[in-house]
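Undergrad: To convert, note that position 322 of the sequence shown is 325 in our numbering; the numbers rise steadily by one, no gaps. All C-beta atoms, glycine included, are put in the ideal place defined by N, C-alpha and C.
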Amino acid sequence: MCGIVGAIAERNVVSILLEGLKRLEYRGYDSAGVAVLDAQGQLQRVRRTGKVQELADALADNPIKGSTGIAHTRWATHGGVTEANAHPHFSTARVAVVHNGIIENYQSLREQLRAEGFHFSSDTDTETIAHQVELELKSTDSLLTAVQRAVKKFHGAYGTVVIDQQNPDSMVVARSGSPLVIGLGIDENFIASDQLALLPVTRRFIFLEEGDVARISRTEVHIFDQDGNEVLRPVHDSEIEHDAGDKGGYRHYMLKEIHEQPTVVRNTLQDRLTQSGVDPRIFGALAPDLLAKVKHVQIIACGTSYHSGMTARYWLEQYANVSCNVEIASEFRYRKSFVHPNSLLVTISQSGETADTLAALRLGKELGYMASLTICNVPGSSLVRESDLAFMTLAGAEIGVASTKAFTTQLTGLLMLTLALGQFNGMADNDQQKIVGALHSLPAKLEETLALTGNIEKLAEEFADKHHSLFLGRGDQYPIAMEGALKLKEISYIHAEAYASGELKHGPLALIDDEMPVIVVAPNNELLEKLKSNVEEVRARGGIMYVFADKDARFESDATMRVINLPHVDSVIAPIVYTLPLQLLSYYVAIIKGTDVDQPRNLAKSVTVE
Ligand code: F6R
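(1) Report yes if the C-beta of Cys5 is less than 7 Å from at least one heavy atom of ligand 3; otherwise report no.
(2) Determine which residues share a DSSP beta bridge with Met395 and list them.
(3) Tell me whether Glu493 counts as near ligand 1, meaning its Cβ is closer than 7 Å to at least one heavy atom of that ligand.
(4) Given Tyr581, which residues of its chain have a CB within under 7 Å of its CB, disregarding the five upstream and five downstream residues?
(5) Quick one: using the 10 Å Cβ neighbour count with 16 as the cut-off for buried, is Ile576 buried or exposed?
(6) Can you look up Leu348 in the DSSP assignment and give me helix, strand or coil?
(7) Quick check on His262: does DSSP put it in helix, strand or coil?
(8) Report yes or no: do the stretch 329-348 and the stretch 294-304 share at least 3 C-beta pairs separated by less than 8 Å?
(9) When the Cα of Ala200 is compared with those of Val49, Cys5, Phe474, which residue comes out closest?
(10) When we look at the beta-carbon of Gly546 and count the other beta-carbons within 10 Å, is it buried (16 or more) or exposed?
(11) For Ala323, which of His90, Arg221, Val297, Glu330 has the nearest alpha-carbon?
(12) Specify which residues have a beta carbon nearer than 5 Å to any heavy atom of ligand 1, listing them in chain order.
(13) Taking the DSSP output, what are the residues bridged to Ser94?
(14) Spatial neighbours of Glu13 within its chain, please: C-beta separation below 8 Å, excluding the five flanking residues on both sides.
(15) Alpha carbon to alpha carbon, what distance is there between Val281 and Leu294?
(16) Check whether the Cβ atoms of Val175 and Gly188 lie closer than 8 Å to each other.
(17) From the DSSP output, which residues share a beta bridge with Ser173?
(18) Could you check if Leu235 is buried or exposed, using at least 16 other CB atoms within 10 Å of its CB as the buried criterion?
(19) Starting from Thr163, follow its DSSP beta bridges and name the residues at the other end.
(20) So Phe410 is in the alpha helix (DSSP H); what residue range does that whole segment cover?
(21) Report yes or no: do the stretch 442-456 and the stretch 353-362 share at least 3 C-beta pairs separated by less than 8 Å?
(22) Can you list, in chain order, the residues of its chain with a C-beta nearer than 8 Å to that of His262? Leave out the 5 residues immediately preceding and following it.
(23) For Leu21, tell me which candidate among His75, Ala87, Gly31, Asp41 has the shortest Cα-Cα distance.
(24) Provide the residue(s) that pair with Gly614 in DSSP beta bridges, ordered along the chain.
(25) Hey, which unbroken runs of the beta strand (DSSP E) at 3 residues or more fall wholly within the stretch 544-570?
(26) Could you tell me which residues DSSP pairs with Arg48 in its beta bridges?
(27) Would you give the residue range spanned by the alpha helix (DSSP H) that Ser385 belongs to?
(28) At 3 residues or longer, and completely inside the stretch 275-327: list those beta strand (DSSP E) runs for me, N to C.
(29) When DSSP labels each residue in this structure, what does Thr205 get in the three-state scheme?
(30) Taking all protein chains shown into account, decide if Arg338 is buried (16 or more other Cβ within 10 angstroms of its Cβ) or exposed.
(31) Cα-Cα, which of Met548, Asp553, Asp573 is closest to Asp561?
(32) Alpha carbons only, please: which of Ser196, Val49, Asp172, Gln169 is nearest the one belonging to Ser181?
(33) Assuming Cys379 and Ala358 make a contact with CB atoms under 8 Å, what is their CB distance in whole Å?
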C-alpha cells in the first residue's frame, strides 16, 4: 500500500527520497510524487501517475533540489489514479503533506475547511490534512502545535508527514494506525513508513507508537505521546540485510524468495529446535508460564497468513491436544464471538501491520483472551509490539507482493508452537519425535523439491490459455490447495478455486470439463485412498488433472493425468513441502502470461487500511 519517505539534511535529499520510493515499490501503488523546500524556501513538487521510474524521468527532465523533502507512493482509495490526486498535497503554497491511511471524516472536514476559504484541488481525504494544518497555523507559529491540534480533528488511520515553508528547519510527523519509523543519521534524519526505504542511509531506527507526534530536525528528534507529553522511544539497530531490496540475479523477487525457502526455513529453525523439541521461551520470556495454561487457541489472520493458520489447526488439534479456531480478521472483528477459557489469541502476519489483524488483536484484548502471541516477520511492527508473546519468522524482507517464504516460515513456526503446546498437553512421545525429526529434515526436503523447477516450468505451458482452475486437497493439504489457488489468481489472473476434495460431489463436479484443469496435492498420508476416489470422480467426468504426489503414492501419468512426483516426506511437514511446486506453477504461468509478477494489478503488499 502507500509508502512514505521524508528527509531533512544539509545535502539535496531528492535522490534519497527517490531511492526510498523505489525500495517501497513492492508495497503496490499507482502514482508517486516528491516535494521539497528549495534554497529560496519555496515548495517545489513533481508528481506522476504510474511507476516511480516515470517520476524519476520527470525529475531528470525538470530537476528540483532541496534539503527538506517528502515523497510518497499512492495506492488509490479516495479519488481515482490521477496526478491531481497523487501526494504530496499542498495547502496554498505553504504546507505540504504525505499520508498513508484513511481520514474517515474527510467529507465533513472538507465542508468546514471550504467554509474557511480553503480550495480543494484533489478528491483525496489527504488534502484535508494539509488545509487543517494550515488553518491551525493561523493561530500558532509552531508547526508541531499545529499538527498536534489538527490530528485531534481526524477520525481514522494516518501516518502523515508535514512540511511548512515557514518552518523550514523541521518536519512534523504523526502516527495513528499507520506505521512510521524515524531513521537517525549523522546531522540528518529521515522518516518512512517502512525501514526498508531508508537502509541505504541509516540502520538506526525509532518506531513511533500509536498517537505519537514528532518534530524532526537535522540534528534533533522530539517525540510527544497522544497526551502531548515528551517521551523517549528506544533506538533499534536494524537487522534487515542492506541488500534486501536486490533481486540477487533472479528475474523477479518472487522467484528469489521461492528459492530462498530452504535457507530461511533453516534460519527460522536454527537455535530454536533442539534434538528433543523446543524451549517455550522462543515465543517470549513470559511464554513458559502463559503457554502452560493454554487449553484453546484462536488464530486470526488474513490472506496467505490465514492459510497458514488453517493448516496449524490440523496440527494443534491432532498433536498438541488443544482445540483451535481460525478466522479471517475482517470477519472476527465485526461479529460477536465467545472467548473459550484459557484461550490464546494467535495473530499471524508477514508485515505485522495488516489493519484488520491489528484491529482484531486489539479487540481480542478487550474481549479478555488470556494472552496474545503473534507469528510475524517484521521486528518492531505493531503486532509484535502489541502482543504479549512474539515468534519472529526469519524469512528476511519479503518484497514480492505474493507471499511465499513468509508463508513457509510461518508454518515452520506454527509447527514449533505445536511442539511447545504439546509439552503441556500430553503430546505423545512418538509424535514429538516424529515432528522434531521431520522439522530437522525440512530444509533439505525443500531443496530437493526446488530441483523440480524445470518440470514445473514446462507444465505451466498447459495452463497459460486457461481461464479457470480447481485446486483439490484433503485434511491439512486443503489449506495448501487454497494457498495454491490464491497464488495462481493473484499473479496470473486465472480464476482459481480450492475445494476440500470430499466436497466435490456436493457441487463443484458440475464445473469439470477439459477446459478446467484440476490440480491435486497428494502426499502419502492417511487420506490418500479417499483422495484417490475423488481423483476418479474427476476422471469419470473428463477432467484433466495435474497431481503433485508422493513418490510412493502410486499415481501414474496417463492421457488425463500428469503426475509430478515429490520427494518422500513425513506427512506432518508435507503441507510445507507441497506449497513449493504450487508457488512455482503460479510463477511460471504468470511469466508466460506476461503479468507483473512482483506487483500484480490492484494489490498491495502491506494492507494498512481496512
Ligand atoms: C497473498 C498475500 C496476502 C497477505 C495478506 C496478509 O500472497 O500476500 O494475502 O498474506 O494481505 O498480510 P500479512 O501477512 O502481512 O498480514
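TA: So, to answer that:
(1) In the structure on display, ligand 3 does not appear, and the ligands it does have are ligand 1.
(2) Within the sequence shown, residue 395 is the residue found at index 392, counting from 1. Bridge partners of Met395: Cys379.
(3) The residue labelled residue 493 in the question sits at position 490 within the sequence shown. At least one heavy atom of ligand 1 is nearer than 7 Å to the Cβ of Glu493, so yes.
(4) Taking the sequence shown and counting its residues from 1, the one referred to as residue 581 is at position 578. Excluding sequence neighbours, Tyr581 sits near Gln480, Ile483, Val524, Pro526, Phe551, Leu569.
(5) Here residue 576 corresponds to residue number 573 of the sequence shown, with the count starting at 1. Counting Cβ neighbours within 10 Å, Ile576 comes out buried, since at least 16 surround it.
(6) Counting from one through the sequence shown, the residue named residue 348 turns up at place 345. Strand.
(7) Numbered from its first residue, the sequence shown carries residue 262 at position 259. Three-state result, His262: helix.
(8) yes
(9) Residue mapping note: residue 200 aligns to position 197 of the sequence shown, counting from 1. The shortest C-alpha separation from Ala200 is found at Cys5.
(10) Numbered from 1 along the sequence shown, position 543 holds the residue referred to as residue 546. By the neighbour-count rule (16 or more Cβ atoms within 10 Å), Gly546 is buried.
(11) Start at 1 with the first residue of the sequence shown, and residue 323 comes out as number 320. Of the candidates His90, Arg221, Val297, Glu330, the one whose C-alpha sits nearest the C-alpha of Ala323 is Val297.
(12) Cys305, Gly306, Thr307, Ser308, Ser352, Gln353, Ser354, Thr357, Ala405, Ser406, Val610
(13) Taking the sequence shown and counting its residues from 1, the one referred to as residue 94 is at position 91. Val98.
(14) By 1-based counting over the sequence shown, the position of residue 13 is 10. If we look at Glu13 and ignore the five residues flanking it on each side, its Cβ neighbours are Ser70, Asp190, Glu191, Arg221.
(15) Reading the sequence shown from its first residue, position 291 is the one you call residue 294. Reading the sequence shown from its first residue, position 278 is the one you call residue 281. Each residue's alpha carbon lies about 13 Å from the other.
(16) On the sequence shown, position 172 is the one that residue 175 refers to. On the sequence shown, position 185 is the one that residue 188 refers to. The Cβ-Cβ distance between Val175 and Gly188 does not fall below 8 Å.
(17) Residue numbering aside, residue 173 sits at position 170 when the sequence shown is read from its first letter. In DSSP, Ser173 forms a bridge with Ser220.
(18) Translated into the one-based positions of the sequence shown, residue 235 becomes position 232. So Leu235 ends up on the exposed side.
(19) Locating residue 163 in the sequence shown gives position 160, where the first residue counts as 1. In the DSSP assignment, Thr163 forms a beta bridge with His102, Ala177.
(20) Walking along the sequence shown from the start, residue 410 turns up at place 407. Where Phe410 is concerned, the enclosing alpha helix (DSSP H) stretches over 408-427.
(21) no
(22) Taking the first residue of the sequence shown as 1, we reach residue 262 at position 259. Closer than 8 Å at Cβ, skipping near neighbours: Tyr253, Leu453.
(23) What you label residue 21 is simply residue 18 of the sequence shown in a count that begins at 1. For the residues His75, Ala87, Gly31, Asp41, the minimum Cα distance to Leu21 belongs to His75.
(24) Outside the displayed span of the chain (4 to 613) sits residue 614, for which this structure offers no information.
(25) 548-553, 564-569
(26) The residue you call residue 48 lines up with position 45 of the sequence shown. Arg48 pairs with Ala38.
(27) For this step, residue 385 is matched to residue 382 along the sequence shown. Taken as a continuous stretch (DSSP letters only), the alpha helix (DSSP H) holding Ser385 covers 385-389.
(28) 299-304, all fully within the stretch 275-327.
(29) Here residue 205 is taken as the residue at index 202 of the sequence shown, counted from 1. Three-state DSSP puts Thr205 in coil, outside helix and strand.
(30) Within the sequence shown, the letter at position 335 stands for residue 338. When all chains shown are included, Arg338 counts as exposed.
(31) As a working note, residue 561 is residue 558 in the sequence shown. The residue with the shortest Cα to Cα distance from Asp561 is Met548.
(32) Looking up residue 181 in the sequence shown gives position 178. Among Ser196, Val49, Asp172, Gln169, the Cα nearest to that of Ser181 belongs to Ser196.
(33) On the sequence shown, position 376 is the one that residue 379 refers to. On the sequence shown, position 355 is the one that residue 358 refers to. Wrong, their Cβ atoms sit about 15 Å apart, outside the cutoff.
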